[in-house]
Each structure stands twice: as structure tokens, then as C-alpha cells.
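Student:
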Amino acid sequence: LGVLLLLPMFLNAPEPPPQDTLRLIVFDVGQGLSVAAQTRHHALLYDTGPDFSNDADSGNRILIPSLRGMGISELDGMILSHNDLDHTGGTASVLQAMPVGWVATSQPIDPLKSVSAIPFAARPCRDGVNWNWDGVQFDILHPERNTASNDAADKRKSHDNDQSCVLRIRVGRQHVLLAGDIEKRSEQRLLDKHPEQLPASLLVVPHHGSLSSSDVDFIAAVLPDYAVFTTGYRNPFHHPKAEVQQRYLDSGAQLLRSDKDGAILVEMNARGLSIERYRKTHRRYWTHFPQED
């Protein structure tokens with residue numbers, strides 16, 4: 001169903017974005033996360049959403065058809081923020097379906113059960129890693145370089161969520177922040193180390209709007225114009241939490257939710273950004289719009 005709903009957005013593959021422009025899609029994968037970032041000549045996938053069954057996952061049901069519909073036939077890179085299956089469940093399907101130049105993760109590959117199909121060594125995802133594609137700047141802000149270890153005891157001490165790769169994408173004065181599932185401890189670390197790099201036009205909200213994240217000080221530092229919650233309809237965790245949503249509303253952010261708005265398509269350049277909500281721009285008479293309980 002997810003594929004059928006997304007296909008009309010990309011029936012005619014669009015031209016790649018021009019130089020100095022970012023095209024970003026926050027996919028509607030249910031309770032999980034996957035975001036594609038496209039520049040003029042390059043493409044990146046951040047997380048691959050959940051798996052659904054033994055033969056169905058976000059990769060083969062949603063991401064591959066959508067990426068191909070966007071005109072993306074290969075990925076320059078893939079970032080796996082951490083090893084939760086709602087963020088890595090589609091990885092094997094994506095790797096089997098199209099070429100991927102490199103994979104970066106903050107954690108050793110062994111625990112990543114869903115990415116056992118990676119045919120090459122993964123790059124470390126660490127603070128200080130950065131690159132520029134077609135005038136679009138990419139910066140990894142977290143985790144710290146000295147937090148990874150192959151020692152089993154160290155792995156047990158390290159909380160997976162707080163090891164999430166945090167990616168900032170910048171075009172001129174416009175910024176996007178992808179925060180994975182970081183919790184308040186890592187938010188504070190970002191406040192201490194990178195306060196000047198946190199302000200963002202659009203924030204993909206940490207940990208799907210859980211109470212474990214989105215501290216008021218973090219929100220005040222990011223001060224997003226748009227706060228995107230990636231959540232599944234009637235998910236068992238009741239994400240996003242009402243209290244967290246209110247914090248973002250109090251900061252002046254406009255809220256977007258994948259369970260209500262569908263996929264979120266963003267075009268961003270130095271002059272500003274535009275937002276397209278799939279369920280609003282591709283409304284059909286049979287479409288069900290979830291209502292608040």
C-alpha cells in the first residue's frame with residue numbers, strides 16, 4: 001500500500017535538483033525512519049525504515065520504488081544512524097536492489113543484524129566527518145570519535161539510541177538536522193559542543209517524539225521552523241507524545257507528521273525552502289486522514 005500511495009508523486013521522474021539545492025524526502029515508512037537527500041549529482045539515504053515480515057520491508061516495498069521514481073538508480077552513500085530495526089530494517093533490500101558507494105554507521109557491524117548483507121567494511125559515523133556535494137554541505141555532529149568500541153563490555157554500557165549519527169545538511173543559511181533516536185544526554189552534548197550548528201529550518205524530531213528526547217533547551221537551540229515526527233498510525237508507543245508536540249508548538253515550530261501528512265518532500269536552497277505534504281497535494285476521495293483520538 002505504501003508503494004501505491006507514493007508512486008503518483010514520481011510517475012514522471014523529476015530532473016535532479018539544480019546546483020546549490022537540496023531535495024529531501026522524509027518517507028512515510030510507518031513507525032521508523034528513512035530520509036533521502038539528493039543533490040545535483042549525488043544521493044544519500046539516511047536510515048532504511050522498519051521490516052514488516054520475512055519477505056517485506058521498507059526497502060523493497062517503499063524505498064526502492066520511490067528512489068527509482070525520483071530518478072535515483074544508485075546511492076553514493078547510506079547512513080545507518082544506529083542498530084534499531086525500525087531504522088535498519090530495509091537495508092539488505094536496498095543493498096540488493098541498487099549500487100551503494102559506502103555505508104556509515106556509529107556502531108560495529110556485528111550487532112546490526114539487518115545489515116549482514118553489506119559486502120564491504122562500513123565507515124565510522126563520527127563527529128567531524130564532513131563533505132560537500134554540489135554546493136550542499138553535510139556535517140556529522142555526533143557521536144564523538146572516542147565513543148565506539150569493539151569491546152563487549154563497552155558495547156553494553158553504551159546506549160544504542162545515544163550513539164545515533166546526527167547529520168546536519170546546509171545550503172547557505174538553510175539547515176536540516178537529522179537526529180536519529182538521540183536522547184537528552186546526547187542533546188546536552190550537542191548543546192555543549194556544537195551550539196552554533198544546531199539552529200535548523202527543519203528538524204526531524206529525535207526518537208519519533210518520545211519523552212526521552214526533545215528537552216526544552218535543545219528545542220530552544222535548534223528553534224526549527226518545521227518539526228517532523230516520523231511515526232506510525234496508532235503506534236503502540238503513542239508517539240509523538242502530546243507533551244513533546246506542545247514543546248515544539250511553544251517554540252513556534254510548525255508540526256508535520258508522517259502518520260497524518262504522509263511523505264514530506266522538501267526543496268531547499270540559499271533563498272529558502274518549500275514543503276510538500278504528500279497527503280495534501282495528492283488527496284484522493286478514498287484517502288483516510290487519521291484523526292486525533
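Residue 1 is where the sequence shown starts when you use my numbering, and the numbers rise one by one after that.
Every residue gets a Cβ at the ideal spot worked out from N, C-alpha and C, and that includes glycine.
(1) Can you round the beta-carbon distance between Q338 and L273 to whole angstroms, since I take them to be within the 8 Å contact cut?
(2) Pull up the distance between the alpha-carbon of C165 and that of N12, whole angstroms please.
(3) Just to confirm, is the Cβ distance from D84 to Q31 under 7 Å?
(4) Would you call the CB atoms of H238 and H208 closer than 7 Å?
(5) With DSSP as the reference, please indicate the residues paired to M78 in a beta bridge.
(6) Leaving aside the five residues before and after S213 along the sequence, list all residues of the same chain whose C-beta is less than 6 Å from its C-beta, in chain order.
(7) Pairing CB atoms from the region 185–194 with CB atoms from the region 98–105, are three or more of them under 8 Å?
(8) Assuming Q245 and Y226 make a contact with CB atoms under 8 Å, what is their CB distance in whole Å?
(9) Please classify Q107 as buried or exposed, where buried requires at least 16 neighbouring CB atoms within 10 angstroms.
(10) Please state whether the Cβ-Cβ distance between V26 and I264 is less than 7 Å.
(11) Mind pulling the alpha helix (DSSP H) runs of 4 or more residues that sit fully within the region 172–241?
(12) Around the C-beta of S66, are 16 or more other C-beta atoms found within 10 angstroms, so that it is buried, or is it exposed?
(13) When we look at the beta-carbon of L249 and count the other beta-carbons within 10 Å, is it buried (16 or more) or exposed?
(14) Measuring CB to CB, does I62 end up less than 7 Å from A97?
Tutor: So, from the listed chains and residues:
(1) What is shown of the chain runs 1 to 293, which leaves residue 338 out entirely.
(2) Approximately 33 Å between the Cα atoms of the pair.
(3) No, the pair does not count as a contact, with Cβ atoms beyond the cut-off.
(4) No. Outside cutoff.
(5) DSSP lists L45 and V103 as partners of M78.
(6) The beta carbon of S213 is closer than 6 Å to those of E183, P206 and H207 in its chain, skipping five residues each way along the sequence.
(7) The region 185–194, when compared against the region 98–105, does not touch it at the 8 Å Cβ threshold.
(8) Not a contact, Cβ separation roughly 13 Å.
(9) By the Cβ neighbour-count rule, Q107 is buried, with 16 or more other Cβ atoms within 10 Å of its own.
(10) Cβ atoms of V26 and I264: closer than 7 Å.
(11) For secondary structure counted as the alpha helix (DSSP H) over 4 or more consecutive residues, the region 172–241 holds these complete runs in sequence order: 184–193 and 216–222.
(12) With 16 or more other Cβ atoms inside 10 Å of its own Cβ, S66 counts as buried.
(13) Per the 10 Å Cβ criterion, exposed.
(14) Between I62 and A97, the gap from beta carbon to beta carbon reaches 7 Å or more.
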